[in-house]
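Residue numbers (the numbering used here): 1 to 343.
Glycine included, each C-beta is placed from N, C-alpha and C at the ideal position.
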């Protein structure tokens, strides 16, 4: 069992940022044209379909993979995600949460890949970065060798807000797909950098690459905001590139990785708590008492109170919390702070 000792005053909590697909209402019935009314002389032209999406998919489809976590005793899948090749020797990047069951319970699970052209094979785990939700895998055997790899966009060539980018993966285990969307910069008030992607990411696409117009990786699919439209998040490509450089020659992880995970979470906890305690605090500016409130550098604060015409006791509540948590397993997320007061 993983045990984390948080400093007093602070507590880790369970939360989930799940990937979800929204329901769609049926379209209205078409209205027949009235033959007595003349047709308009000018009509709005239909939107043009991007030529980049099919072009980029054709170029990169040989580097796309579905990542499957299977029970060791049978072929039933416990989870599915996506990934992409980052070397000509069969190295693969995906999300940590895609392969977490195998990482923590290798005696019960195994990893396999499937390509867009129907090939499949066994994967082994080389390393993971739970803080960034990334993992580096390698194909066992020669099944993925010689297929090439996707490159990463240089860090000194930042995207401009609004530029088109293209998310790829296998949503809901249906088929490999490409989803066109927009780059909208980094998420504000996030402890670690996350890219705000205005596009649809669905379950099964986690770990897939997001490409620019040149076919270079700018980010990795990781999550989407529940009960919202086109609000998705990507791990910046620089962190995936760093993991590849650090661990390309690493030996496979054969045993349960609880110790490695504990060390990563503890380092993250120390940095997060240290920054929180050292950050400047503001006053809530009440007339009759003083109340410290953290500056919203990596937290969001929300509040409510009694209405102005209330005849009873005045009530006020404020809650400040981090938006994102670290995935540990299907039953646990941790690594975020929550602070509230009532008066």
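Under the three-pair Cβ rule at 8 angstroms, the stretch 79-98 counts as touching the stretch 141-155. Assigned with DSSP and collapsed to three states, residue 173 falls in helix. Taken in chain order, the complete beta strand (DSSP E) segments of 3 residues or longer contained in the stretch 109-149 are 109-115, 120-129, 134-139. Segment contact: the stretch 212-227 against the stretch 152-160, three or more CB-CB distances shorter than 8 angstroms; contact assigned.
Below 8 angstroms, enough C-beta pairs join the stretch 111-127 and the stretch 54-65 to call them touching: three or more. Residue pairing by DSSP puts residue 305 in a beta bridge opposite 316.
Pairing residue 307 with residue 321, the inter-Cα distance amounts to about 24 angstroms.
Distance from the CA atom of residue 199 to the CA atom of residue 287, rounded to whole angstroms, is 45 angstroms. Annotated three-state conformation of residue 336 is coil, per DSSP. Counting C-beta pairs with one atom in each stretch, the stretch 182-194 and the stretch 231-248 have three or more that are closer than 8 angstroms, which means they touch. Residue 69 is positioned such that its CB atom lies closer than 9 angstroms to that of residue 98. Taking the CA atoms as reference points, residue 95 sits about 8 angstroms from residue 208. With a cut-off of 8 angstroms on Cβ pairs, the stretch 169-179 is not in contact with the stretch 126-138, counting fewer than three such pairs. Counting only residues of its own chain and dropping the five nearest sequence neighbours on each side, residue 121 has a CB closer than 8 angstroms to the CB of 112, 113, 139, 140, 141, 143, 144. Assigned with DSSP and collapsed to three states, residue 64 falls in strand.
Remark: three or more beta-carbon pairs, one from each stretch, lie closer than 8 angstroms, so the stretch 330-338 and the stretch 266-284 are flagged as touching. Closest in C-alpha terms to residue 225, from the list 332, 280, 135, 201, comes 201. Secondary structure note for residue 91: its beta strand (DSSP E) is the uninterrupted segment 91-94.
Looking at the DSSP output, residue 253 bridges to nothing. A buried status is given to residue 264, since no fewer than 16 other beta-carbon atoms sit within 10 Å of its beta-carbon.
Restricting attention to 185, 309, 101, the CA atom closest to the CA of residue 330 is found in 101. Residue pairing of residue 283 in beta bridges, as defined by DSSP: 292.
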